[in-house]
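A.B. asks:
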Amino acid sequence: MDKFDAIVIGSGPGGYVCAIKLAQLGVNVACVEGNASLGGTCLNVGCIPSKALLNASHNYHNSIENFSKMGIEVERPSVNWSKMLSYKDAMIKDNTKGIEYLFKKNKITLINGWASFVDNNTISVNGKNFEADHFVIASGSEATSLNNIKFDEQVIVSSTGALELKKIPEKMIVIGAGVIGLEMGSIYSRLGTEITILEFYDKVLNGMDHDISKNFKSILQKQGFKFHLSSSVSNIAKEKKGVKVTYEERNSNNSYELYADVVLVATGRKPFTENLKLENIGVMINPKGQIETDKNWRTTTKNIFAIGDVTPGPMLAHKAEEEGIAVAEIIAGQAGHVNFEVIPSVVYTDPEVASVGKTENELKEEGIDIKVGKFSFMGNGRAKTVFSNSGFVKVIADSNNDRILGAHIIGPAAGDLIHEICVAMEFGASTEDLARTCHAHPTFSEAVREAALACGVGAIHS
Ligand code: NAI
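In the working numbering, the protein residues as written are 305 to 766.
#1: Helix, strand or coil for Glu337 per DSSP?
#2: Taking just the CA atoms, how far does Ala570 sit from Ile535?
#3: State yes or no: is the C-beta of Thr735 within less than 9 Å of the C-beta of Val761?
#4: Using 10 angstroms around the beta-carbon of Val727, count the other beta-carbons present and answer buried if the total reaches 16, otherwise exposed.
#5: Quick check: does the Cβ of Ser538 come within less than 8 Å of any heavy atom belonging to the ligand NAI?
#6: Say the cut is 8 Å; is the CB of Ser463 nearer than that to a heavy atom of the ligand NAI?
#7: Near Thr747, what residues of its chain come up, given a Cβ to Cβ distance below 8 Å and the 5 sequence neighbours on each side ignored?
#8: My output table needs one value for Ala419: the three-state DSSP class, helix, strand or coil.
#9: Among the candidates Lys678, Gly637, Pro575, Ala711, whose CA atom is the shortest distance from the CA of Glu666?
#10: Taking the straight line between their C-alpha atoms, what separation do you get for His745 and Asn399?
#11: Restricting to Cα atoms, I'd like to know which of Thr413, Asn370, Asn363 is closest to Tyr320.
#12: Helix, strand or coil: how does DSSP classify Met476 here?
#13: Whole angstroms are fine: how far does the CA of Gln638 sit from the CA of Ala442?
#14: Quick check on Glu724: does DSSP put it in helix, strand or coil?
#15: Can you say whether Lys662 is buried or exposed, counting buried as having 16 or more other CB atoms within 10 angstroms of its CB?
#16: Starting from Arg554, trace the alpha helix (DSSP H) in both directions and tell me its first and last residue.
#17: Should Asp598 go down as buried or exposed, given a rule of 16 or more other Cβ atoms within 10 Å for buried?
#18: Apart from the five residues just before and just after Glu457, which ones in its own chain have a Cβ nearer than 6 Å to its Cβ?
#19: Are Pro346 and Ile313 close, meaning C-beta to C-beta below 9 Å?
#20: Using DSSP with H/G/I as helix, E/B as strand and the rest coil, what is Phe439?
#21: Quick check: Ala621 and Trp601, are their CB atoms within less than 9 Å of each other?
#22: By the three-class DSSP mapping on this structure, what secondary structure does Glu377 have?
#23: Determine the DSSP secondary structure at Tyr563, reduced to helix, strand or coil.
#24: Of the residues Leu326, Glu468, Lys373, Leu389, which one's Cα is nearest the Cα of Leu406?
#25: Beta-carbon within less than 8 Å of Val461's beta-carbon, same chain only, minus the 5 sequence neighbours each way: which residues are those?
#26: Alpha carbon to alpha carbon, how far is Phe731 from Asp613?
#27: Would you mind sorting Asp513 into buried or exposed? The rule is 16 or more other CB atoms within 10 Å of its CB.
#28: Which partner residues of Phe434 appear in the DSSP bridge assignment?
#29: So is Ala751 buried or exposed if we call it buried at 16+ other beta carbons inside 10 Å?
#30: Provide the residue span of the alpha helix (DSSP H) that contains Ser463, from first to last.
#31: So, is Gly343 buried or exposed, given that buried needs 16 or more other C-beta atoms within 10 angstroms?
#32: How many Å lie between Val842 and Val650 at the Cα?
#33: Looking at C-beta atoms only, is the number of pairs between the stretch 499–507 and the stretch 477–484 that lie closer than 8 Å three or more?
#34: Between Phe434 and Ile714, which are expected to be in contact by the criterion C-beta below 8 Å, what is the C-beta distance as a whole number of angstroms?
#35: Is there at least one non-hydrogen atom of the ligand NAI closer than 8 Å to the beta-carbon of Phe504?
#36: Which word fits Met619, buried or exposed, when buried means at least 16 other C-beta atoms lie within 10 angstroms of its C-beta?
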């Protein structure tokens, strides 16, 4: 029987990062993966393929909308869909192969197959047993369906099917104005699909700062998105051609029907624990199907840890990575720590949306005396040169000590800009610290500094 110090189950961003960190810390580690390629949802059917298609569709759209404004005359470009999908697949392969290389470099044993627990020191994979002192469950999540309606991944699709459509649909209904719905909707909207979003809440990106939700919805409307908010989808039925979606308006209870070629169900994800036989190790699972852990990611069975989407908290690749590193450190006898107050969240649309820390409403509800500094990208020279000046940076700080408590950005490169605030928050910085830091001109980052200045006597360019 093969024996390791630690076995990580799952090779997504939580699992593979944990395995690499364990190996770097001198732990004899194996990683089990049931899928043919490494990288989990993020690399195979999530972050990476969607970003490839977002990039391709953005460039296509940009060439139509903005090239001639800059004096670049081209014939109207057209989309070669199968080539675009091949480009996406190449990006997946490149990244998943990268993990294979890192596993070899760090001498991590890869076990191919689905793991199930025999007892708390043994797993079985393809009928063969493997032993370890510690296990890390990083088995991820899967898309939830609506009212048990099955995804056929052709007409009724999850994000996985939406990345593989046979052709660009004329009409697509997207259920859920969350991250997946708006990112996938953006891809197809730019490629010419008519997008109709149905959302249960009265806003998009529910949970994000209210100014972001409001501004983002109006930007998306200008891009051609149609919205039915405060609407609850009750049924999806396949038609001879396409699909029929029935929804109820929550305020009136009136029922409506919509037709489209494809419906994307983006109503959330649930933990994936199939095959694991958790009942054999007595690990506690909550009613949402998540594996419960203590603050050190130990499950109720002490030598077994759980991280990432299979546990409570935001389902974000980088949150899983942070937990993977912390758990590796704990297994290696060090102190592992994650600051959950500073986990950024990014929506990779155009413009991008990014957020870290608390929202204005959350802080007000907590009774904290806050000040808010806002700066519009209209006043940012660099944003104007790239036709991307709708949006703003909003920095929120404690009125009493000026400490930064959160930031919410909608605009160009928001997903990169947010990290300046993350670092500032990790160091307990004040808005004055940020405002007194010299920012290169002309950069999008100047908008962050201006928002920090707006927390004081005022921004310069507004
Ligand atoms: P989500 O939880 O972000 O949004 C789902 C939306 O569907 C909610 O607004 C909800 O109100 C709505 N909804 C649910 N049932 C409905 C119904 N019957 N009728 C109408 N609307 C309904 O979930 P999403 O977008 O599927 O994403 C899943 C997870 O993946 C999230 O945790 C997300 O953070 C993560 N993710 C993150 C990405 C990123 O960080 N860029 C990219 C993709 C996914």
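Glycine residues also receive a C-beta, built at the ideal position from the N, C-alpha and C atoms.
C.D. replies: In terms of the structure at hand:
#1: Locating residue 337 in the sequence shown gives position 33, where the first residue counts as 1. If DSSP states are grouped into helix, strand and coil, Glu337 belongs with the strands.
#2: To locate residue 535, count along the sequence shown from 1; it is residue 231. To locate residue 570, count along the sequence shown from 1; it is residue 266. According to the sequence provided, residue 535 is Ser. The question's Ile does not apply to it. Taking the straight line joining both Cα atoms gives about 14 Å.
#3: Within the sequence shown, numbered from 1, the residue matching residue 735 stands at position 431. Within the sequence shown, numbered from 1, the residue matching residue 761 stands at position 457. The answer is no: Cβ separation not under 9 Å.
#4: What you label residue 727 is simply residue 423 of the sequence shown in a count that begins at 1. With fewer than 16 other Cβ atoms within 10 Å, it is exposed.
#5: Position 234 of the sequence shown, counted from the first residue, corresponds to residue 538. Checking the Cβ of Ser538 against the ligand NAI gives yes.
#6: For this step, residue 463 is matched to residue 159 along the sequence shown. It does: the Cβ of Ser463 is within 8 Å (strictly closer) of some heavy atom of the ligand NAI.
#7: Here residue 747 refers to the residue found at position 443 when the sequence shown is read from its first residue. Arg686, listed in sequence order.
#8: As a working mapping, residue 419 is identified with position 115 in the sequence shown. Here Ala419 sits in strand by DSSP.
#9: Position 362 of the sequence shown, counting from 1, holds the residue named residue 666. Cα-wise, what sits closest to Glu666 is Ala711.
#10: Here the question's residue 745 lines up with position 441 in the sequence shown. Here the question's residue 399 lines up with position 95 in the sequence shown. For His745 and Asn399, the distance between alpha carbons rounds to 34 Å.
#11: As a working mapping, residue 320 is identified with position 16 in the sequence shown. Checked all of Thr413, Asn370, Asn363; the closest Cα to Tyr320 is Thr413.
#12: Locating residue 476 in the sequence shown gives position 172, where the first residue counts as 1. Reduced to three states, the DSSP call for Met476 is strand.
#13: The count along the sequence shown starts at 1 and reaches residue 442 at position 138. The count along the sequence shown starts at 1 and reaches residue 638 at position 334. Taking the straight line from one Cα to the other gives about 20 Å.
#14: The sequence position of residue 724 within the sequence shown is 420, counting from 1. DSSP places Glu724 in helix when its eight states are reduced to three.
#15: Sequence index remark: in the sequence shown, residue 662 carries index 358 (1-based). Classification of Lys662: buried, given that the 10 Å Cβ count is 16 or more.
#16: Working through the sequence shown from its first residue, we reach residue 554 at position 250. That residue, Arg554, is in no alpha helix (DSSP H); it is neither H nor E in DSSP.
#17: Here residue 598 refers to the residue found at position 294 of the sequence shown. Classification of Asp598: exposed, given that the 10 Å Cβ count is below 16.
#18: Locating residue 457 in the sequence shown gives position 153, counting from the first residue. Same-chain partners within the cutoff: Gly465.
#19: Taking the first residue of the sequence shown as 1, we reach residue 346 at position 42. Taking the first residue of the sequence shown as 1, we reach residue 313 at position 9. In the sequence on display, residue 346 carries Cys and not Pro. No.
#20: Mapped onto the sequence shown, residue 439 falls at position 135. Three-state DSSP puts Phe439 in a strand.
#21: On the sequence shown, residue 621 is found 317 positions in, with the first residue counted as 1. On the sequence shown, residue 601 is found 297 positions in, with the first residue counted as 1. Taking 9 Å as the Cβ cut-off, Ala621 and Trp601 do not qualify as a contacting pair.
#22: Taking the first residue of the sequence shown as position 1, residue 377 is located at position 73. Coil at Glu377, not helix or strand.
#23: On the sequence shown, position 259 is the one that residue 563 refers to. In this structure, Tyr563 counts as strand in the three-state DSSP scheme.
#24: Residue mapping note: residue 406 aligns to position 102 of the sequence shown, counting from 1. Cα-wise, what sits closest to Leu406 is Leu326.
#25: Locating residue 461 in the sequence shown gives position 157, where the first residue counts as 1. Excluding positions up to five away in sequence, the list reads Phe455, Leu469, Val566, Val567, Leu568, Val569.
#26: Your numbering for residue 731 matches position 427 in the sequence shown. Your numbering for residue 613 matches position 309 in the sequence shown. Rounded to whole angstroms, Phe731 to Asp613 spans 27 Å at the Cα level.
#27: The residue labelled residue 513 in the question sits at position 209 within the sequence shown. Label assigned to Asp513: buried.
#28: In the sequence shown, counting from the first residue as 1, residue 434 sits at position 130. Beta-bridge pairing links Phe434 to Asp306, Ile427.
#29: On the sequence shown, residue 751 is found 447 positions in, with the first residue counted as 1. Answer is buried; the Cβ neighbour count reaches 16.
#30: Within the sequence shown, numbered from 1, the residue matching residue 463 stands at position 159. Unbroken alpha helix (DSSP H) run through Ser463: 463–466.
#31: Reading the sequence shown from its first residue, position 39 is the one you call residue 343. Result: buried.
#32: A question about residue 842 goes unanswered here, because the residues of the chain that appear run from 305 up to 766.
#33: yes
#34: Position 130 of the sequence shown holds residue 434. Position 410 of the sequence shown holds residue 714. Actually they do not touch by this definition, with Cβ atoms about 47 Å apart.
#35: Within the sequence shown, numbered from 1, the residue matching residue 504 stands at position 200. Checking every heavy atom of the ligand NAI against the Cβ of Phe504, one is found closer than 8 Å.
#36: Residue numbering aside, residue 619 sits at position 315 when the sequence shown is read from its first letter. Buried is the call here.
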